[in-house]
Structure formats: C-alpha cells, structure tokens
C-alpha cells in the first residue's frame, strides 16, 4: 500500500497489480466517481416517477415547460456532481444535451456523438430522443416557438418556459427570445409587428432549480482548495496578466471585465484545483477586473491556505463570496452611468448577462482567450515535458499489455487496462490525475463515444489476440496535460492483419 501511495509502482507485470479481486485501485479511473454516484442516484427512481414529481413542481410554479441543460453556472463541458441535473433526470450521462419537459411529454436533445448511448440509456416510454442536426429535427428554440404558437392559438395565453438563469448561456436565452418574437410575427394575431407575446421565459427567481427539488441526497457543491501554479510552469505573473487585460479594456472603453469560464479564472490567477470537477484542474469561481480592483469570487475555504492567500495578496487580488458576483456587477453599473461591462455572452450565464443593459454591454471574446492560446516559453516547455514523461508511461504500458496478451496468453479486462495504464502514469514525476476518464474499449465498445468500463457493467469486455482495442487516455501533470488515442490488434494471423490493413486504409482516407 505504501509503495503505491508513493508512486513507486514496480515495472514487472506481476508486481504492478495482482490479478485478484483485491487489487489496488488508488489511481484507477474505474473507481466510484462523481458520475457513478449520480448514475446510482438516477437509477433509484424511474423516469416516470421523476417526471411526475417535476410536473407537480412545474404546475405549482405556473410554467408549461422546464429546460434542464448539462451546464453549471460556468457553462463547463464537465461539471461537478451537484450540477449533473440532466443526468439525474434522464439517466443519460453524456457531456452534451438538454432535456425539455412539458406537462405531457419529455424530450432529450443531444449531438451525434451520443445518439447510441442516449438510445440505450433513455426510458423510451417517457423520453423522446431528438437527434440534433438530423433532418426534420428542429432546434430547441424552433421547437419551443412552434409549441408556443400552438399553445397560444389553443389557450390565448403565452407559453411559460421555466429555466434556471445560472445554467443557461446568455446567447441561448437571446436565441429563444428571438425565436418567440419571429413566431409571433408569423401569427395572424401578430400582424402588428409581432406585438403579441406568445411565450415568456420565467427564470423562477427566488426558487430552487426544479431538479434539485426532486433530487434526494443531491451532492453538495465542491469546496476543494486552490493551489498555486509555480512561475516555472505559468511563465507569466498575475500582475502582468492583469496589466495586459487592462490595456485591452482601455481599447474597448470597458470599465469592468467579467470572467466566468473556470479555465479563464485558473489561468488569470495562476491557480489550479483538484476535486471540484473530476479530472479537470480548475476550481469553482468567477473573476472581475476593473481599473482599480481585481476580484476573485469563490468560497473562502478554497483560498484558506497561507500559500494561496499570500499569492493573491501579492497580486493585489481581493476575495469575495462566490454569490456576490451579480450584485457587484449591478453596483458597478449603478456607480457611474458611463460604466461599461465586457462580458462574452457566449460563455457567460444568463443570470450575469441580464443585469447588464445593452448600451452598457461589450459582448465580445474576453481578453484572456487569446492570451491562453498564445503559449509562452515556460508553457511550451511544460507541454513538451508532459508528453515526454507521458510517452514513457505509455511505452511501459504497451510493453506490459503485449506481454500479457502474447506471452502470458491471458485475457485482460478493460478495467484492468485502465488501472495499469493509470498506474504507470502515476509513477511519473508531477502526475496529479488522469486528464479524463480512460476510454478502454474492446471490440464494439471502441465505437461507444466516451465509453467507460466498470466491473459490474453488462458491456465489460476482455481483450485477447482476436479483438482490437481502442484506448483514449491522458494525464494531468503539474506542467502540462496529455491526450493520447491508440488502437491495437495483437493478432498475428489473418484476422489481425486484415484489421490493421482496413484500419490503415480508413485512416489514410480521413487524412486525405
């Protein structure tokens, strides 16, 4: 046990992990995760029961439709367990999708990456799968505007669409309102320029998110501590980043810039975090910069360490409670009629955007985005170093896997592959965690997007020399992140050769 905790994992196949049920999983991504906990919670109630409870809350709140997206308040692709509301409601756990619940039907929109998984996970008696981008499948704004039209014609009153303003992008709310206005113009009663209101967004302010009200034992919001990203890896001081941003603000006459995306905040303050979002080194926080203040909005537990506190103090950063962000934006605007807020609607939630009047809004890509894209010398060196050590881990793993299949003549489960590969990465200096849950798909499982092996799964397969395997994996290191995808077939006979030939031809076709 001590050897594994210290990262001193042996190099021979027999000393890495014993092949019994008690083998260590300290570094495995196959252990119980945030998503696994949500899956377990989602399975305890049927879709019909959850939807019935939802519709009771909808009726109490006076809304006809309720929208449940994948997002958190920072519109992250990967979210903390507490925000996996769509996953809990639908039992579909892909990273993209939105559930739309009406009083008599329920739908899930998702993209082509997840058509297969969604069709397997959804209860088809209660949810219709809307295959985004396919012929005759409307966008959500178009679907809701058509629904609003029929609802208004039937009941002569607007369709009430409920949503949590904190987990929808400002741009989505704008698209929805524009779709409603266009539909109103197309109605006979809207011949006066679309003055008829056929639908309204209700953000149900002061009420909890509707999924939260039916989710017993919903996980708490994470409060894991930040850590300082050393200058040897960051390459640019916080004060220098702030100065550069203020220079860009001057060009746009902005008096306040708001940063919502978690990677923007992490980059800006040279801070990292582990545990808030599984496999992502970011922490739950907002940030703002004015010409006389730099503010980090987060839970105080996240900045309690002396190192982080001193780091922020040296950069003249003020820490405010997480929930103060909206009121502080409002206060900034009210303090001077000429103040302008730089806020990118495409990556900011509706709750932030709606408090900024259009004349005071600078809706443009925020200045951190191009700064992140143009790597400095220290960042580039960190990237190179990460790939060197990760390549070493992959080489050890490939030798182990080939030995297990061809020399030991045994089969290897997808879970064991995950464990051993992550164990080799954990041996490398600076390793923190995997960069995403390892995808180890044997045979047909390789075609399942974002597949994740589990011991108790009906899908679990074992690798031998007759089937191919796709492995998509990566590591988070102090100095960089990796993402490596490889496909193997260990067969030496005609089957393996034929697979490699066909695979290579398809690869060449894609490259061409």
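Residue numbers (the working numbering): -3 to 508.
Heads up, the beta-carbon is just placed ideally off N, CA and C, and yes, glycines get one too.
Given a threshold of 16 other Cβ atoms within 10 Å of its Cβ, counted over all protein chains shown, does residue 82 qualify as buried or as exposed?
buried
Considering just the uninterrupted stretch of the alpha helix (DSSP H) at residue 172, what are its terminal residues?
166 to 182
Taking the continuous beta strand (DSSP E) assigned at residue 481, which residues delimit it?
480 to 484
Out of 319, 390, 491 and 399, which has the shortest C-alpha to C-alpha gap to residue 481?
390
Run of the alpha helix (DSSP H) containing residue 50, from where it starts to where it stops:
43 to 57
Cβ-based neighbour list, residue 260, same chain, cut-off 6 Å, excluding 5 preceding and 5 following
364
Whole-angstrom distance between residue 491 and residue 221, CA atom to CA atom
51 Å
Quick one: grab the DSSP three-state call for residue 489.
coil
Would you mind listing the alpha helix (DSSP H) stretches within the region 76 to 120 that are 4+ residues and don't spill past its ends, in chain order?
81 to 86 and 111 to 117
Is the separation between the beta-carbon of residue 392 and that of residue 432 shorter than 8 Å?
no
How far does the alpha helix (DSSP H) with residue 326 in it extend, from its first residue to its last?
321 to 331
Decide yes or no for the touch test of the region 457 to 474 against the region 208 to 222: beta carbon pairs closer than 8 Å, at least 3 of them.
no
Taking DSSP as the reference, what is the three-state secondary structure of residue 270?
coil
Can you tell me which residues form a DSSP beta bridge with residue 241?
Answer by DSSP bridge pairing: none, since residue 241 is not bridged.
Can you find the residues in the same chain that come closer than 7 Å, C-beta to C-beta, to residue 65, ignoring five residues on each side of it along the sequence?
82, 94, 163 and 164
For residue 421, report the span of its alpha helix (DSSP H) as first-last.
410 to 422
For a test of the three-state rule: what should DSSP assign to residue 494, helix, strand or coil?
helix
Apart from the five residues just before and just after residue 409, which ones in its own chain have a Cβ nearer than 7 Å to its Cβ?
456 and 458
Three-state secondary structure assigned by DSSP to residue 74:
coil
Whose C-beta lies closer than 7 Å to the C-beta of residue 17 among residues of the same chain, with five residues either side of it excluded?
Any reading at residue 17 must be qualified, since the residue scores a pLDDT of 32, below 50, and its modelled position is unreliable; no value is offered.
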